[in-house]
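Following: one structure in structure tokens, then a few remarks.
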Amino acid sequence: MSNQGKVTKEEALEYHIGGKISINVKTVCDTARDLSMAYSPGVAHPCLEIQKDNELAYKYTNKGNLVAVITNSTAILGLGDLGPVAGKPVMEGKSVLFKKFADVDAFDIEVDEYDVDKLVEICRALSPTFGGINLEDIKAPQCFDIETKLQACVDIPVMHDDQHGTAMITTAGIINALEISGKDVGSMKIVVSGAGAAGIACGKMYKLLGAKNIVMIDSKGVIHSGRTDLNAHKAEFALETEDRTLEDAMRGADMFLGLSAPGIVSKEMVASMNPNPIIFALANPIPEILPEVVAEVRDDVMMGTGRSDYPNQVNNVLGFPFIFRGALDVRATKVTEGMKMAAAVALAKLAKEDVPDYVKAAYNGEDLKFGRDYIIPKPFDRRVFVWVSAAVAEAAVKDGVARVENFDVEAYKAKLQAILDAEVK
Numbered sequence: 004m005s006n007q008g009k010v011t012k013e014e015a016l017e018y019h020i021g022g023k024i025s026i027n028v029k030t031v032c033d034t035a036r037d038l039s040m041a042y043s044p045g046v047a048h049p050c051l052e053i054q055k056d057n058e059l060a061y062k063y064t065n066k067g068n069l070v071a072v073i074t075n076s077t078a079i080l081g082l083g084d085l086g087p088v089a090g091k092p093v094m095e096g097k098s099v100l101f102k103k104f105a106d107v108d109a110f111d112i113e114v115d116e117y118d119v120d121k122l123v124e125i126c127r128a129l130s131p132t133f134g135g136i137n138l139e140d141i142k143a144p145q146c147f148d149i150e151t152k153l154q155a156c157v158d159i160p161v162m163h164d165d166q167h168g169t170a171m172i173t174t175a176g177i178i179n180a181l182e183i184s185g186k187d188v189g190s191m192k193i194v195v196s197g198a199g200a201a202g203i204a205c206g207k208m209y210k211l212l213g214a215k216n217i218v219m220i221d222s223k224g225v226i227h228s229g230r231t232d233l234n235a236h237k238a239e240f241a242l243e244t245e246d247r248t249l250e251d252a253m254r255g256a257d258m259f260l261g262l263s264a265p266g267i268v269s270k271e272m273v274a275s276m277n278p279n280p281i282i283f284a285l286a287n288p289i290p291e292i293l294p295e296v297v298a299e300v301r302d303d304v305m306m307g308t309g310r311s312d313y314p315n316q317v318n319n320v321l322g323f324p325f326i327f328r329g330a331l332d333v334r335a336t337k338v339t340e341g342m343k344m345a346a347a348v349a350l351a352k353l354a355k356e357d358v359p360d361y362v363k364a365a366y367n368g369e370d371l372k373f374g375r376d377y378i379i380p381k382p383f384d385r386r387v388f389v390w391v392s393a394a395v396a397e398a399a400v401k402d403g404v405a406r407v408e409n410f411d412v413e414a415y416k417a418k419l420q421a422i423l424d425a426e427v428k
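According to the numbering used here, the residues represented by the sequence shown are 4 to 428, in order.
This is the structure in structure tokens:
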């Protein structure tokens with residue numbers, strides 16, 4: 004384990020002084036003529052062209068590379084409802100990751116509104132400015148309705164990353180774990196602890212992968228068909244089962260996904276799982292069970308956490324920047340299930356490739372090879388920029404939601420690779 008990720012409160016506060024993002028001017032504005040080009044009277048010409056054809060906003064403005072990171076701060080990072088202003092550092096941080104990992108510009112927008120329909124209307128009214136909307140840290144179950152209703156009334160991609168990011172990354176891990184273990188996803192018993200935004204989205208994506216037996220657990224226990232306190236999103240996962248507790252559910256389980264609380268999984272629970280189990284314990288900073296505790300019980304586990312100091316880190320930065328990169332570059336009108344699955348498959352395939360030296364160097368020279376301790380690419384693997392962005396763009400075209408014509412995926416990959424090569428040099 005490494006201490007490289009640990010920071011003090013004082014260090015963190017100093018890092019954030021003045022905020023983390025700013026606006027840079029891309030064009031020259033040094034003379035009176037430049038001023039006339041940038042603003043009046045020159046700006047009238049693109050305005051009039053865009054009035055005739057709104058699609059020209061992608062040519063004459065930054066719309067095609069601009070994402071809104073929108074929140075009402077009702078579910079901040081596991082800290083809960085902190086109020087809109089207190090969520091701003093997180094949204095700025097999300098904007099930093101968009102730019103750093105995928106060269107996508109992002110503005111953070113904190114909204115003081117909690118009514119679903121009113122928040123949707125605010126976002127809809129803002130949508131002409133942006134090429135995409137990343138909803139963030141909005142509590143369940145409201146987040147489901149906000150995403151669905153908003154996507155239905157705008158013509159740009161909308162994604163609530165808290166739902167879909169974890170689903171994509173863990174699905175990539177499952178794909179590779181299935182190959183290593185020889186298991187069939189259709190016959191697996193999958194236990195999901197935590198029925199919030201991420202848990203529900205993960206369950207839905209696992210179903211798309213072919214999973215049929217998903218035991219979901221909320222704060223009151225197993226979600227079963229006899230319960231009368233379930234909202235519509237939880238009710239979708241209600242099973243005819245005798246399982247009532249996490250301990251019950253873990254018996255004979257092939258996979259555990261934790262999106263809940265630290266330390267709730269015992270060694271006895273791990274021992275009761277089927278051979279070659281998958282464990283994604285993603286409570287942060289302390290997972291539901293630590294890898295070293297799992298290792299005391301059995302050695303056939305494929306395990307990931309949300310932390311950088313253990314193998315198979317499940318980090319959403321492997322997903323959202325490149326989902327939007329690919330979606331923006333083909334001017335997608337929405338993010339489809341096919342685009343999300345394409346991202347997961349691309350990540351799974353990348354994990355089988357030889358790992359570049361610069362990635363190994365970032366992890367103290369660790370010899371990273373496809374296997375139980377390496378089923379998910381590392382966040383610092385810059386090849387994700389090419390692999391996932393291209394897969395998403397291609398899927399958008401295939402699903403009929405792209406507005407570019409004559410898309411050439413190989414040419415697009417070459418373009419992304421050229422950007423990557425210039426960056427690495």
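Don't be surprised by glycine CBs; every beta carbon is placed ideally from N, CA and C. Here the structure is a predicted model, which is why all the values come from computation and not from measurement.
Next item on the list: Assign His19 to buried or exposed, taking buried as 16 or more other Cβ atoms, counted over all protein chains shown, within 10 Å of its Cβ.
Entry: So His19 ends up on the exposed side.
Item checked: Which of helix, strand or coil DSSP assigns to Ala108 -> First, the amino acid is wrong: residue 108 is Asp here, not Ala. In this structure, Asp108 counts as strand in the three-state DSSP scheme.
Check: Which runs of the beta strand (DSSP E) spanning at least 3 residues fall entirely within the region 123-157, listed in chain order?
Finding: Listed in chain order, they are 135-138.
Notebook entry, point to check: Are the Cβ atoms of Gly255 and Glu291 separated by less than 7 Å?
Noted result: Contact check for Gly255 against Glu291 fails: the beta carbons are separated by 7 Å or more.
Margin query: Let me confirm a value: Gly141 is counted as buried when at least 16 other C-beta atoms fall within 10 Å, else exposed. Which label applies?
Written below: It is Ile, not Gly, that sits at residue 141 in the sequence shown. For Ile141, the number of other beta carbons within 10 angstroms of its own is at least 16, and it is reported as buried.
Checklist line | Segments of 3+ residues assigned as beta strand (DSSP E) that fall wholly inside the region 181-264 | finding: Listed in chain order, the complete beta strand (DSSP E) runs (minimum 3 residues) inside the region 181-264 are 192-196, 216-221 and 258-261.
Checklist line | Short CB-CB distance (under 7 Å) between Ala35 and chain B | finding: Reference to chain B is not applicable here, since this structure consists of a single protein chain.
Checklist line | Residue burial classification, Pro314 (beta-carbon count within 10 angstroms, cutoff 16) | finding: So Pro314 ends up on the buried side.
Note to self: So for His163, helix, strand or coil by DSSP?
What the structure shows: His163: strand per DSSP, three-state reduction.
Check: Residue range of the beta strand (DSSP E) that Ile282 falls in?
Finding: Start and end: Ile281 to Ala284.
Checklist line | Residues near Cys32 in its chain [Cβ-Cβ closer than 7 Å; skip 5 each side] | finding: Beyond the five residues adjoining it in sequence on each side, Cys32 comes within less than 7 Å, by CB distance, of Leu38 and Ala41 in the same chain, given in chain order.
Next item on the list: Could you tell me if Pro280 is buried or exposed, where buried requires 16 or more neighbouring beta carbons within 10 angstroms of its beta carbon?
Entry: With at least 16 other beta carbons inside 10 angstroms of its own, Pro280 counts as buried.
Notebook entry, point to check: From Gly199 to Cys50, what distance separates their C-alpha atoms?
Noted result: In this model, Gly199 and Cys50 are separated by some 44 Å (Cα to Cα).
Next item on the list: Identify, in the order they occur along the chain, each residue of the same chain with its Cβ nearer than 7 Å to the Cβ of Asp1, setting aside the five sequence neighbours on each side.
Entry: Nothing about residue 1 can be reported from this structure: the residues present for the chain run from 4 to 428 only.
Check: For the putative contact between Asn137 and Asp115, defined by C-beta atoms under 8 Å, what is the C-beta separation to the nearest angstrom?
Finding: That pair is no contact at about 19 Å.
Note to self: I'd like to know if the region 404-415 and the region 319-336 are in contact, where contact means that at least 3 CB-CB pairs between them fall below 8 Å.
What the structure shows: The region 404-415 vs the region 319-336: in contact.
Check: Using a Cβ-Cβ cut-off of 7 Å (strictly less than) and excluding sequence neighbours within five positions of Leu91, which residues of its own chain qualify?
Finding: The residue asked about is misnamed: residue 91 is Lys in this sequence, not Leu. Cβ contact annotation for Lys91 (same chain, cutoff 7 Å, sequence separation greater than five): Asp111 and Glu113, in chain order.
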